[in-house]
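Numbering (our numbering), first residue to last: -6 to 150.
Note that CB positions come from ideal geometry on N, CA and C, so glycine has one too.
Since we're looking at a predicted model, the values are computed, not measured.
Worksheet: one structure, shown below.
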């Protein structure tokens, strides 16, 4: 089951997108302060709005994914996730940093919703609960690695 390309691709992509999201979750407030000169309250409010909006957009992706090919769903997730990371690396304008946050939560939450079904479908019926559990573990490992990456890249600078 875990050797199947569909499972591995889904789980590893979810790990990467989750890790990227959690890196940005902990990095963007500092970037908003350092690069854009925002105070903590403005940065927090902006990030909250971006997170809520990105999460809502991920619901739309989850609903539309049934009518999309797996390749199209992955292309959307990878494209938005990579764009979010690139924006965060290079942007110094506050609203653009919030767009990075929005994209990161969209990609991470969308990957959890959609790719978990791809991963589960790769397993025979008796092994589906295990596949979902292993997929969730990969997603949560991204949540563990993200803050460590944020600390190493941004917060210690």
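Should residue i go down as buried or exposed, given a rule of 16 or more other Cβ atoms within 10 Å for buried?
i, result
"residue 42", "exposed"
"residue 85", "exposed"
"residue 72", "exposed"
"residue 11", "buried"
"residue 137", "exposed"
"residue 144", "exposed"
"residue 97", "buried"
"residue 4", "buried"
Using the Cα positions of residue i and residue j, report the straight-line distance between them to the nearest angstrom.
i, j, result
"residue 76", "residue 70", "10 Å"
"residue 107", "residue 21", "26 Å"
"residue 23", "residue 122", "39 Å"
"residue 83", "residue 120", "43 Å"
"residue 152", "residue 50", "Residue 152 cannot be examined here, being either before or after the span of the chain that is shown, -6 to 150."
"residue 31", "residue 52", "30 Å"
"residue 90", "residue 58", "27 Å"
"residue 38", "residue 88", "12 Å"
"residue 116", "residue 8", "19 Å"
"residue 6", "residue 33", "32 Å"
"residue -1", "residue 35", "42 Å"
"residue 110", "residue 131", "14 Å"
"residue 61", "residue 114", "16 Å"
"residue 80", "residue 56", "27 Å"
"residue 16", "residue 45", "17 Å"
Between the options, which lies nearest to residue i when the distance is taken from Cα to Cα?
i, options, result
"residue 133", "104, 145, 118 and 110", "104"
"residue -5", "12, 142, 127 and 135", "127"
"residue 151", "2, 16 and 87", "No statement about residue 151 is possible, as the shown extent of the chain runs from -6 to 150 and does not include it."
"residue 101", "33, 47 and 35", "47"
"residue 94", "4, -3, 25 and 5", "25"
field: Sequence ranges, alpha helix (DSSP H) only - wholly within the stretch 45 to 75, length at least 4
entry: none
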